[in-house]
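Worksheet: one structure, shown below.
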Amino acid sequence: MTSVIVGIILGVVLPGNEPEESVYKMEELPESSPWYGNEEIRIFRQYLTFPTMPPDINYSNCRLPPGAKVSQVNLFTEPTVKFLQQQASSLDLPVSIYYPVNQENPVVVMTWHGLDPSLSSVLLNSHMDVVPVFEEFWTHPPFAAEVDEEGRIFARGAQDTKSIGMLYLAGIRALKKRGAQRLKRTIHISFVPDEEMGGSYGLGSFVQSADFKALKIGYAMDEGMASETNEITVTNDERCTWRIQFTCHGDAGHGSILFDNTSGESFSKLVKKLMERRKTEAEKIKNLDLVSYANVTTINLTILKGGVQANVIPPELTATFDVRLAVNADHDEFQREINQWIEDAGGNITVNYLIKDPKANKTLADEKNPMWIALQNTAKEMDLVINPGVIPGATDMAYLRALDIPAFGFSPLVNTPVLMHDHDEFVKASTYLEGIDIYRSLIFNLGQM
Ligand SMILES: [Zn+2]
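Quick note: the sequence shown uses the working numbering, first residue 141, plus one each step.
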């Protein structure tokens with residue numbers, strides 16, 4: 141998988157023409173706006189104007205700003221890194237940029253040193269990248285961070301997860317304003333690339349590096365989902381992603397002959413097995429909501445490849461499936477099922493796991509975990525209701541939990557429609573500002589554990 145993605149990225153980078161700031165211009169708010177002159181809102185909006193979309197097969201469907209080329213990955217990462225460096229210096233925080241895989245995928249880490257270096261540190265993680273947009277479905281330009289009369293700030297990444305990243309910094313700024321020079325524990329604030337593409341070019345590789353070990357991370361916070369009520373789900377577990385590419389082999393030849401073992405035959409038998417399995421899972425989800433997907437293994441056929449000409453039987457056909465194993469799934473058992481399906485389909489099938497997440501430990505949400513106590517204290521102070529739960533999608537937290545680092549997913553965006561990856565993604569300015577108080581409290585409680 142690695143070399144494929146390297147090829148995609150390196151193959152599309154064009155030289156030169158790197159602007160110093162975002163290709164999108166942010167309009168200043170009018171003086172009549174209640175948020176005119178609000179520094180926190182201005183910083184958040186500025187971060188939202190960087191179109192940090194990864195290269196994607198749907199990328200040509202995205203309308204880019206005038207003068208920007210679809211393929212200029214550096215165009216988007218470089219100004220973002222510079223912006224984050226400016227933010228770190230305004231907070232008087234040292235900042236390091238790591239490149240665990242390549243120059244196109246920087247990891248930015250700011251550090252607020254603690255008083256007791258013998259204690260493990262706390263990581264506050266968020267991703268810089270966002271998913272592509274289909275601008276024709278947006279009522280506001282997706283990277284202009286426009287604010288409407290209700291105070292809704294529209295932009296791709298407003299919820300997922302640029303708000304989280306800027307709220308960490310705003311929380312620290314609020315603590316410093318109140319005179320907190322240092323907390324007990326060191327706090328690292330990381331901004332990573334590639335999360336939406338699976339994270340192997342971002343946190344997935346960074347956690348394997350000596351640089352990461354040197355950060356001595358003992359606890360981590362990461363992205364959560366907005367909540368439509370005033371209750372917050374603190375995520376402590378997630379399903380495991382397996383992306384499986386099956387290649388069915390067989391006798392090739394003239395399309396007028398009935399050979400015994402064709403790739404088409406084994407392909408149809410194999411796909412039938414997976415679709416039958418999918419059906420049993422689909423039965424389970426009837427009448428369940430999205431969060432209940434935790435206990436369902438989803439199986440979806442996502443890519444088909446093969447064939448050269450209509451009258452030639454191809455020697456191979458490829459089918460790729462996106463599988464998310466339920467949190468309670470037995471991975472060995474599922475592996476045995478896959479092996480059995482291949483055997484039942486004639487056996488002449490090779491398998492390539494594009495992603496095969498190991499079973500990661502769930503983070504304990506109880507009194508034994510000081511991070512859970514810190515969260516509960518914040519909930520009490522801020523009058524919030526928090527409950528542990530499972531996030532339906534996949535996040536970078538899997539990489540942390542796989543190293544036995546307890547990690548919670550959290551979002552202070554309450555009473556907000558869940559619009560991650562959706563058109564017209566927005567956060568209300570008032571909700572964002574309330575989030576600063578929540579993180580001020582939470583970062584303090586985590587730093588004093
Ligand atoms: Zn995300």
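Don't be surprised by glycine CBs; every beta carbon is placed ideally from N, CA and C. Here the structure is a predicted model, which is why all the values come from computation and not from measurement.
How many angstroms separate the CA atom of proline 257 from the CA atom of valine 249? 17 Å
Rounded to the nearest angstrom, what separates phenylalanine 399 and alanine 295 at their Cα positions? 55 Å
Counting pairs of beta carbons, one from the stretch 485-495 and one from the stretch 511-519, are three or more of them closer than 8 Å? no
Ligand 1 and methionine 560: does any heavy atom of the ligand fall closer than 8 Å to the residue's C-beta? yes
Any chance you could list the alpha helix (DSSP H) runs of at least 4 consecutive residues sitting entirely within the stretch 300-384, in chain order? 302-317, 343-346, 350-354
Lysine 356 versus alanine 542: straight-line alpha-carbon distance, rounded: 16 Å
State the DSSP-derived secondary structure class of tyrosine 493, mapped to helix, strand or coil. strand
Give the DSSP bridge partners of arginine 592, in chain order. For residue 592 there is no data in the structure shown, the boundaries of the chain being 141 and 589.
Could you spell out the range, first to last residue, of the alpha helix (DSSP H) harbouring valine 411? 403-425
Near ligand 2, which residues have their beta-carbon closer than 6 Å to a heavy atom? Because ligand 2 does not appear in the structure shown, any question about it cannot be addressed here, the ligands present being ligand 1.
Note down, in chain order, each residue of its chain lying with its Cβ closer than 7 Å to the Cβ of glutamate 180, except the 5 sequence neighbours on either side. Ala310, Leu573, Ile576
For leucine 380 versus alanine 534, is the C-beta spacing smaller than 9 Å? Contrary to the premise, residue 380 reads as cysteine rather than leucine in this sequence. In this structure, alanine 534 lies closer than 9 Å to cysteine 380 by Cβ.
Using the rule of at least 16 other Cβ atoms within 10 Å of the residue's Cβ for burial, across every protein chain shown, is lysine 302 buried or exposed? buried
Give a yes or no on whether the minimum CB-CB distance between methionine 589 and chain B is below 9 Å. Absent from the structure is chain B; it holds one protein chain and no more.
Histidine 394 - DSSP class collapsed to helix/strand/coil: strand
If you draw a straight line from the alpha carbon of alanine 314 to that of valine 530, how long is it in whole angstroms? 30 Å
So, does the stretch 269-287 touch the stretch 559-567, judging by three or more C-beta pairs under 8 Å? yes
Assuming leucine 188 and asparagine 265 make a contact with CB atoms under 8 Å, what is their CB distance in whole Å? The Cβ separation is near 19 Å, so there is no contact.
Per DSSP, leucine 181 forms a beta bridge with which residues? In the sequence as presented, leucine is not what sits at residue 181; that position holds isoleucine. Looking at the DSSP assignment, isoleucine 181 forms no beta bridge with any residue, so it has no partner.
What do you reckon, are the CB atoms on alanine 569 and glycine 291 nearer than 9 Å? Yes, they are a contact pair.
Can you name the start and end residues of the beta strand (DSSP E) that lysine 165 belongs to? Neither: lysine 165 is in no beta strand (DSSP E) and is coded neither H nor E.
Let me make sure I understand the geometry here. Which of Leu259, Glu168, Glu286, Phe386 has the alpha-carbon closest to that of valine 463? Phe386
Selection from Asn370, Val271, Ile183, Tyr176 that minimises the alpha carbon distance to proline 191: Val271
Check whether the Cβ atoms of valine 452 and histidine 389 sit closer than 9 Å, and answer yes or no. Cβ atoms of valine 452 and histidine 389: not closer than 9 Å.
Which of helix, strand or coil does DSSP assign to tyrosine 238? strand
Among Thr460, Met193, Lys426, Ser396, whose alpha-carbon lies nearest the alpha-carbon of asparagine 440? Thr460
For glycine 587, collect the residues of the same chain with a Cβ closer than 7 Å to its Cβ; drop the 5 residues on either side in sequence, then sort them by chain order. Gly254, Val262, Leu323, Lys324, Arg325, Ile327.
Would you list, in sequence order, the uninterrupted beta strand (DSSP E) runs of no fewer than 3 residues that lie entirely inside the stretch 542-586? 547-550, 566-568
Minimum C-alpha distance to glutamate 218 - residue among Asp288, Pro333, Val273: Pro333
Buried or exposed, going by whether 16 or more other CB atoms sit within 10 Å of the CB of asparagine 201? For asparagine 201, the pLDDT reaches just 33, beneath the cut-off of 50, and the residue's location in the model is therefore unreliable, although a value from the coordinates is still provided. With fewer than 16 other Cβ atoms within 10 Å, it is exposed.
Considering only residues of the same chain and omitting the five flanking positions on each side of alanine 434, which have a CB-CB separation below 6 Å? Around alanine 434: Val467, Val530.
Can you name, in chain order, every residue of its own chain whose Cβ lies under 6 Å from the Cβ of aspartate 351, other than the five neighbours on each side? Tyr238
Helix, strand or coil, according to DSSP, for valine 262 in the structure here? Correct three-state label for valine 262: strand.
For the alpha helix (DSSP H) holding asparagine 527, just list the boundary residues, first then last. Taken as a continuous stretch (DSSP letters only), asparagine 527 belongs to no alpha helix (DSSP H), being part of the beta strand (DSSP E) at 525-531.
Between which residues of its own chain and glutamate 371 is the CB-CB distance below 7 Å, once the five residues before and five after are set aside? Val525, Asn527
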